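> Residue numbers (the working numbering): -9 to 272. Okay, handing you the structure first.
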Amino acid sequence: MDTMKLNNGQEIPVQGFGVFMVENNGPCEEAVTKALAAGCRLIDTAAAYFNETDVGKAIKSSGISREEIFVTSKLWLQDYGYEAAKKGIDASLKNLGLDYMDLYLLHQPYGDTVGAWKALEEAVRAGKIKSIGVSNHTVKLLSNLIPEMEILPAVNQMECNPFFQQKELRKYMEQYGIRLEAWYPLGHADKELLSDVRLSKIAGKYGKSVVQVILRWHLQEGIVAIPKATSMEHIRENLDIFDFMLTDDEMAQIREMDKGIGTHDPEDMENAARLSALKVHD
Ligand SMILES: NC(=O)c1ccc[n+]([C@@H]2O[C@H](COP(=O)([O-])OP(=O)(O)OC[C@H]3O[C@@H](n4cnc5c(N)ncnc54)[C@H](OP(=O)(O)O)[C@@H]3O)[C@@H](O)[C@H]2O)c1
């Protein structure tokens, strides 16, 4: 699979595979096994998805060499702060059964993010993580954190799809070379998005599906999308986007679809309280 360059020189596959809400102890291992067999080389998990062990098992049994697979996980809020984060990083490595992760993110922007980031930076120096990044960091949250960082985030993983294009954030991140990775790239299978007539018209022209047009739009915008799919049919369809190209006019039409509103506002402190209540270990 083709790659894009990150601001630290590392390469990231242009599209990944997310495993949010895919159950551990079987279903997640099966889904990742299918994704790897279909040619996907980026797997996105998190401590808070409780399925890092299945991701590790699928990688091990795939027979694909470790260097060919780009493994992302995320530190959960319970493990923020310098000392706790060091343990959280080691726990992710242990759960995955790996001696390094390609990308590790601060999953949410609350609590002692500065202390947690220091532990991530240290893990980069120790060879435990190749690239580090953040998730759910708006312009305001990122600009508070950046002055405290020695290593800049390589990635910010945010909700993004044609209805919520993160235009202001992308412009802000450009100056630091921080790459946007899109969660909910298909709007979590949002019916309105997947049946949009503008997208259907473009899809018809190329003999592709609306989902493939959406994923192609992300690719041509330089955004790494990490769709989740459980059926082999969906997994294959999502990877079959490399034999057509949207025109400048079609890209412009899709840019016009932006409503600027998503499902999740990281700056809403009710989210901070709700998410902080989730525990990933005793
Ligand atoms: N950092 C964060 O805070 C955060 C938050 C949310 C998500 N994420 C990451 O982003 C990933 C993607 O998010 P998501 O899984 O919730 O949403 P998504 O990828 O936008 O949508 C997934 C849904 O789309 C369906 N789908 C996939 N391919 C399809 C196709 N070709 N045709 C029709 N439907 C298709 C899937 O169905 P099937 O499963 O039936 O195939 C599933 O219902 C997650 O897995 C996770 O890794 C990160």
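The beta carbon of each residue, even a glycine, is placed where N, CA and C say it ideally should be. Please read these numbers as outputs of a predicted model, since none were measured by experiment.
Specify the secondary structure class of Pro17 as computed by DSSP and reduced to three states.
It is helical.
> Locate the beta strand (DSSP E) running through Trp173, then write down its first and last residues.
Trp173 -> beta strand (DSSP E) spans 169 to 173.
> What is the residue span of the alpha helix (DSSP H) that Val61 lies within?
Note, Val61: premise wrong, no alpha helix (DSSP H); beta strand (DSSP E) at 60 to 65.
> Is it true that the CB of Ala144 sits closer than 8 Å to the CB of Asn(-3)?
In contact: Asn(-3) and Ala144 (Cβ atoms closer than 8 Å).
> So, for Arg226: in the same chain, excluding its five sequence neighbours on each side, which residues have a beta-carbon less than 7 Å away from its beta-carbon?
Same-chain partners within the cutoff: Ala28.
> Cα separation between Thr62 and Val124?
So the alpha carbons of these two residues sit roughly 11 Å apart.
> Please state the DSSP three-state secondary structure of Asp34.
Reduced to three states, the DSSP call for Asp34 is strand.
> Going by CA-CA distance only, name the one from Gly117, Ile79, Asp34, Glu223 that's closest to Phe60.
That would be Asp34, whose Cα lies nearest to the Cα of Phe60.
> How about Val201: is its Cβ closer than 7 Å to a heavy atom in ligand 1?
Within the cutoff, so yes.
> Leaving out five residues before and five after Asp230 in sequence, what residues of the same chain have Cβ atoms less than 7 Å from its Cβ?
Counting only Cβ-Cβ distances below 7 Å, and skipping sequence neighbours, we find Gln202.
> When we look at the beta-carbon of Ser199 and count the other beta-carbons within 10 Å, is it buried (16 or more) or exposed?
With 16 or more Cβ atoms within 10 Å of its Cβ, Ser199 is classed as buried.
> Distance check for Leu26 and Glu171, CA to CA, integer angstroms please.
In a straight line, the C-alpha of Glu171 is about 19 Å away from that of Leu26.
> Which whole-angstrom value describes the C-beta separation of Leu273 and Lys120, a residue pair presumed to lie in contact below a C-beta threshold of 8 Å?
The structure shown has nothing for residue 273, since the chain only spans -9 to 272.
> So, are the CB atoms of Trp207 and Pro152 less than 8 Å apart?
Yes, Cβ-Cβ distance for Trp207 and Pro152 is below 8 Å.
> Out of Tyr166, Ile168, Ala75, Ile204, which one is the CA nearest neighbour of Leu184?
Here the closest residue by C-alpha is Ile204.
> Name, in chain order, the residues that DSSP records as bridge partners for Gln147.
In DSSP, Gln147 forms a bridge with Ser125, Glu171.
> Between Met(-9) and the rest of its own chain, which residues show a CB-CB distance below 6 Å, the 5 nearest in sequence each way excluded?
Same-chain partners within the cutoff: Pro3, Arg31.
> For the beta strand (DSSP E) that Lys(-5) lies in, which residues bound it at each end?
-7 to -5 is the extent of the beta strand (DSSP E) around Lys(-5).
> Straight-line CA distance for Gly46 to Phe40?
Those two C-alpha atoms are separated by around 12 Å.
> Are there three or more Cβ pairs, one per stretch, closer than 8 Å when the segment 128 to 135 is compared with the segment 156 to 171?
The segment 128 to 135 is in contact with the segment 156 to 171.
> Distance check for Ile141 and Ala179, CA to CA, integer angstroms please.
If you take the alpha carbons of Ala179 and Ile141, they lie about 35 Å apart.
> The beta strand (DSSP E) that contains Asp80, what's its start and end?
No beta strand (DSSP E) contains Asp80, which is instead part of the alpha helix (DSSP H) from 72 to 86.
> Taking just the CA atoms, how far does Glu240 sit from Ile192?
So the alpha carbons of these two residues sit roughly 7 Å apart.
> Roughly how many whole angstroms lie between the Cα atoms of Arg56 and Tyr100?
C-alpha separation (whole angstroms): 32 Å.
> Counting only the same chain and skipping the five closest in sequence on each side, list residues whose C-beta sits under 8 Å from that of Leu236.
Only Ile192, Val203, Arg206, Trp207, Gln210, Ile244 meet the Cβ criterion.
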